[in-house]
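A.B. asks: Sharing a structure with you now.
Protein chains in written order, with the working numbering: chain A, 132 to 239; chain B, 14 to 126.
Shown next as structure tokens:
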């Protein structure tokens, strides 16, 4: 089993729609979780950290479910500029592991 | 704040040649990472340094890849000899401490022909 698993997509949704991705992880000792965004031919950039209580940043909401070992990202009122690959990341005491990413394409 | 600097941006070499990449992390960041990202995949950790010590190099193909961070600041990643399957983007990242969010450089796009 992969350490981090994500649905590769692509998710193709209309502008204004709400879209959600899940990411499962296998290491129960994982301590920190993040969502990164990667545009085509660019480096990954931190989108948001994921806290146990869940957190929201504008149109983006991240949730962590430790019992089921998954994290989620919800994007509301999606914009064309949200088109990108979203990478799920967890870190344990000594390493940071990236998922393969979920491709999102927003259409007008 | 200056970001993570990497060079070169692009490199094209023939198989069996050698190549080196350079990374300068954000000032004060103790942890430095080298990732390999093949097209369509997520970044794969090659090696992680804490200051000038190696924390994790379990996925580094040590028969051909080497990396160092001698003074705990800049780092170089070397491939010798290169294979076709080494074609990828090599990303350097740094973080303030272990477990903190990573900041990536622009990456070096390597093509091996």
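Note that the Cβ used here is the ideal one computed from N, Cα and C, for glycine as well.
Got a sec, what are the start and stop residues for the beta strand (DSSP E) residue 238 of chain A sits in?
C.D. replies: Here residue 238 of chain A refers to the residue found at position 107 when the first chain is read from its first residue. Start and end: 233-238.
A.B. asks: Thinking just about the alpha-carbon of each residue, which of B:110, B:95, B:64 is nearest to the one in residue 24 of chain B?
C.D. replies: Taking the second chain and counting its residues from 1, one reaches residue 24 of chain B at position 11. Minimum Cα distance to residue 24 of chain B is reached at B:95.
A.B. asks: Any idea what DSSP makes of residue 211 of chain A, helix, strand or coil?
C.D. replies: One-based indexing of the first chain puts residue 211 of chain A at position 80. Helix at residue 211 of chain A.
A.B. asks: Using CA atoms only, rank isn't needed, just tell me which of B:105, B:111, B:52, B:50 is closest to residue 88 of chain B.
C.D. replies: If you number the second chain from 1, residue 88 of chain B lands on position 75. For the residues B:105, B:111, B:52, B:50, the minimum Cα distance to residue 88 of chain B belongs to B:105.
A.B. asks: Quick one: which chain A residues come within Cβ less than 9 Å of residue 69 of chain B?
C.D. replies: As a working note, residue 69 of chain B is residue 56 in the second chain. Ordered by position in chain A, the residues that pass the 9 Å Cβ test against residue 69 of chain B are 225, 226.
A.B. asks: Hey, how far is the Cα of residue 117 of chain B from the Cα of residue 165 of chain A?
C.D. replies: The sequence position of residue 117 of chain B within the second chain is 104, counting from 1. The sequence position of residue 165 of chain A within the first chain is 34, counting from 1. Approximately 14 Å between the Cα atoms of the pair.
A.B. asks: Could you check where the beta strand (DSSP E) with residue 188 of chain A kicks off and where it finishes?
C.D. replies: Sequence index remark: in the first chain, residue 188 of chain A carries index 57 (1-based). Per DSSP, residue 188 of chain A belongs to the beta strand (DSSP E) from 186-188.
A.B. asks: Using the Cβ count rule (16 or more neighbours within 10 Å means buried), how would you classify residue 22 of chain B?
C.D. replies: To locate residue 22 of chain B, count along the second chain from 1; it is residue 9. The residue is exposed, with fewer than 16 neighbouring Cβ atoms inside 10 Å.
A.B. asks: Any beta carbon from chain B within less than 8 Å of residue 218 of chain A's own beta carbon?
C.D. replies: Position 87 of the first chain, counted from the start, is the residue given in the question as residue 218 of chain A. Yes, contact with chain B.
A.B. asks: Give the single residue among A:172, A:188, A:212 whose Cα lies nearest to the Cα of residue 146 of chain A.
C.D. replies: Numbered from its first residue, the first chain carries residue 146 of chain A at position 15. Of the listed residues, the one whose Cα sits closest to residue 146 of chain A is A:212.
A.B. asks: Might you give, ordered along the chain, the residues of its own chain that have their beta carbon closer than 6 Å to the beta carbon of residue 205 of chain A, omitting 5 neighbours on each side?
C.D. replies: Stepping through the first chain from its first residue, residue 205 of chain A is reached at position 74. Once the five neighbours on either side are set aside, the close Cβ partners of residue 205 of chain A are 151, 192.
A.B. asks: Can you tell me where the beta strand (DSSP E) holding residue 69 of chain B begins and where it ends?
C.D. replies: The residue given as residue 69 of chain B occupies position 56 in the second chain. For residue 69 of chain B, the enclosing beta strand (DSSP E) has its first and last residue at 66-69.
A.B. asks: Taking beta-carbon pairs under 7 Å, can you tell me which members of the stretch 48-72 of chain B lie near chain A?
C.D. replies: 54, 55, 56, 58, 61, 68, 69
A.B. asks: Kindly indicate the opening and closing residues of the beta strand (DSSP E) around residue 144 of chain A.
C.D. replies: For the purposes of this step, residue 144 of chain A is identified with residue 13 of the first chain, where counting begins at 1. Run containing residue 144 of chain A: 142-145, per the beta strand (DSSP E) assignment.
A.B. asks: Do residue 133 of chain A and residue 69 of chain B have their beta-carbon atoms positioned less than 8 Å apart in this structure?
C.D. replies: The count along the second chain starts at 1 and reaches residue 69 of chain B at position 56. The count along the first chain starts at 1 and reaches residue 133 of chain A at position 2. For residue 69 of chain B and residue 133 of chain A, no; Cβs fall outside 8 Å.
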